[in-house]
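Residue numbers (full-length UniProt numbering): 1 to 237.
Beta carbons are placed, not taken as given, at the ideal position from N, Cα and C, and that holds for glycine.
Predicted model only: the values in this text are computed from it and were never measured.
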């Protein structure tokens with residue numbers, strides 16, 4: 001009825017329709033392939049996060065995985081690697097709060113009783129970084145007596161002793177927990193006087209009383225010894 005012109009329009013319509021169907025097919029196929037590829041990419045497992053090649057700061061979900069791994073595994077190699085990773089991430093203030101909120105402090109704290117000295121050291125290092133947060137100190141203080149026992153009864157200048165001393169230093173920056181060390185003052189001075197260059201009192205410390213030292217620094221030193229004196233008075237009661 002339409003002649004050659006009508007047939008031409010029909011052919012053109014069929015061609016355009018076929019082209020549109022092909023484009024839709026390609027788009028749908030590409031989307032499905034992309035979805036499959038994304039699904040095939042495995043998320044980082046907790047053990048992957050501890051292999052030393054993962055340099056990014058962990059988020060809350062990853063920290064939760066790591067804490068679960070630390071709590072559930074008995075493999076000393078994995079425990080040590082997990083503690084190192086947690087300790088490194090605890091150097092960031094946001095993660096200090098996240099680890100506390102995830103219940104991570106008791107999980108880390110329990111590892112200071114481990115028979116493996118390297119694991120004990122890594123646990124103390126992690127607690128040391130976590131203790132920078134004042135709210136975390138409230139939970140960490142329950143380990144102070146155990147840390148003192150390890151510091152003063154263990155080998156002089158050992159890695160565990162140094163890690164413990166660093167933690168005790170952070171925990172006694174304020175007056176809140178200094179009284180918990182009053183029973184160990186004598187032991188503390190013994191370590192400070194007989195240890196090696198990492199633990200003993202540096203001779204330059206005595207120069208803090210020099211008349212040329214800034215008043216602000218001198219005031220801090222005097223405050224330190226006033227706090228020690230207060231602890232000794234408590235011990236003498």
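When we look at the beta-carbon of residue 126 and count the other beta-carbons within 10 Å, is it buried (16 or more) or exposed?
In the chain shown, counting from the first residue as 1, residue 126 sits at position 126. It is buried - the Cβ of residue 126 has at least 16 other Cβ atoms within 10 Å.
Quiz prompt | Inter-stretch contact (C-beta, 8 Å, three-pair minimum) for the region 146 to 161 and the region 185 to 196 | solution = yes
Q) Given a threshold of 16 other Cβ atoms within 10 Å of its Cβ, counted over all protein chains shown, does residue 72 qualify as buried or as exposed? A) As a working mapping, residue 72 is identified with position 72 in the chain shown. When all chains shown are included, residue 72 counts as exposed.
- Note down, one range per segment and in chain order, each alpha helix (DSSP H) of at least 4 residues found wholly within the UniProt domain "Armadillo repeat-containing" (58 to 201). 60 to 72, 76 to 89, 93 to 101, 104 to 109, 117 to 130, 134 to 140, 144 to 153, 159 to 171, 185 to 194
Suppose contacts are defined by Cβ-Cβ distances below 9 Å. Is residue 148 in contact with residue 183 by that definition? Against the chain shown, residue 148 aligns to sequence position 148. Against the chain shown, residue 183 aligns to sequence position 183. The answer is yes: Cβ separation under 9 Å.
Less than 9 Å separating the beta-carbons of residue 175 and residue 227? What you label residue 175 is simply residue 175 of the chain shown in a count that begins at 1. What you label residue 227 is simply residue 227 of the chain shown in a count that begins at 1. Yes.
Do you know whose CA, among 190, 150, 128, lies nearest residue 108's CA?
Counting from one through the chain shown, the residue named residue 108 turns up at place 108. Per the Cα distances, 128.
Taking all protein chains shown into account, do 16 or more other C-beta atoms lie within 10 angstroms of the C-beta of residue 215, making it buried, or fewer, making it exposed?
What you label residue 215 is simply residue 215 of the chain shown in a count that begins at 1. Exposed: under 16 other Cβ atoms inside 10 Å.
| What is the C-beta distance between residue 49 and residue 85, in whole angstroms, given that I count them as a contact (C-beta under 8 Å)? | Translated into the one-based positions of the chain shown, residue 49 becomes position 49. Translated into the one-based positions of the chain shown, residue 85 becomes position 85. Distance from residue 49 to residue 85 at the Cβ level is roughly 6 Å; contact confirmed, criterion being Cβ atoms closer than 8 Å.
Exercise for the section: Using a threshold of 9 Å, state whether the C-beta atoms of residue 60 and residue 98 are closer than that. Expected result: The residue given as residue 60 occupies position 60 in the chain shown. The residue given as residue 98 occupies position 98 in the chain shown. Yes, Cβ-Cβ distance for residue 60 and residue 98 is below 9 Å.
Quiz prompt | Own chain residues within Cβ distance below 6 Å of residue 163, not counting five before or after | solution = As a working note, residue 163 is residue 163 in the chain shown. Cβ within range, chain order: 121, 124, 125.
- Item | Where residue 150 falls, given that 16 or more other Cβ within 10 Å makes a residue buried | In the chain shown, counting from the first residue as 1, residue 150 sits at position 150. Per the 10 Å Cβ criterion, buried.
| task | Decide if residue 134 is buried, meaning its Cβ has at least 16 other Cβ atoms within 10 Å, or exposed. | result | Locating residue 134 in the chain shown gives position 134, where the first residue counts as 1. That one is exposed.
Report buried or exposed for residue 252, applying the criterion of at least 16 other Cβ atoms within 10 angstroms of its Cβ. No answer is possible for residue 252: the residues shown for the chain start at 1 and end at 237.
CA-to-CA distance, residue 56 to residue 104, given in whole angstroms
Taking the first residue of the chain shown as position 1, residue 104 is located at position 104. Taking the first residue of the chain shown as position 1, residue 56 is located at position 56. Looking at the two C-alpha atoms, the distance is approximately 20 Å.
inquiry  = Counting C-beta neighbours from all protein chains within 10 Å, is the total for residue 173 16 or more, i.e. buried, or is it exposed?
reply    = Within the chain shown, residue 173 is the residue found at index 173, counting from 1. It counts as exposed.
Pick from 70, 62, 95, 185: whose alpha carbon is nearest that of residue 112? Residue 112 sits at position 112 when you count from the first residue of the chain shown. Nearest of 70, 62, 95, 185 to residue 112, Cα basis: 70.
- Could you tell me the distance, in whole angstroms, from the CA atom of residue 68 to the CA atom of residue 76? Taking the chain shown and counting its residues from 1, the one referred to as residue 68 is at position 68. Taking the chain shown and counting its residues from 1, the one referred to as residue 76 is at position 76. When the Cα atoms are used, residue 68 and residue 76 turn out to be separated by approximately 15 Å.
Spatial neighbours of residue 91 within its chain, please: CB distance less than 7 Å, with the 5 preceding and 5 following residues excluded, ordered by chain position.
Numbered from its first residue, the chain shown carries residue 91 at position 91. Here residue 91 has 129 as same chain residues with Cβ atoms under 7 Å from its own Cβ, once five neighbours each way along the sequence are excluded.
Beta-carbon spacing of residue 100, residue 139 below 9 Å:
Position 100 of the chain shown holds residue 100. Position 139 of the chain shown holds residue 139. Yes. Within cutoff.
Determine the contact status of residue 132 and residue 165, defining contact as a CB-CB distance below 9 Å.
For this step, residue 132 is matched to residue 132 along the chain shown. For this step, residue 165 is matched to residue 165 along the chain shown. Contact flag unset, no.
Quiz item: Should residue 89 go down as buried or exposed, given a rule of 16 or more other Cβ atoms within 10 Å for buried?
Solution: In the chain shown, residue 89 corresponds to position 89, counting from 1. It counts as buried.
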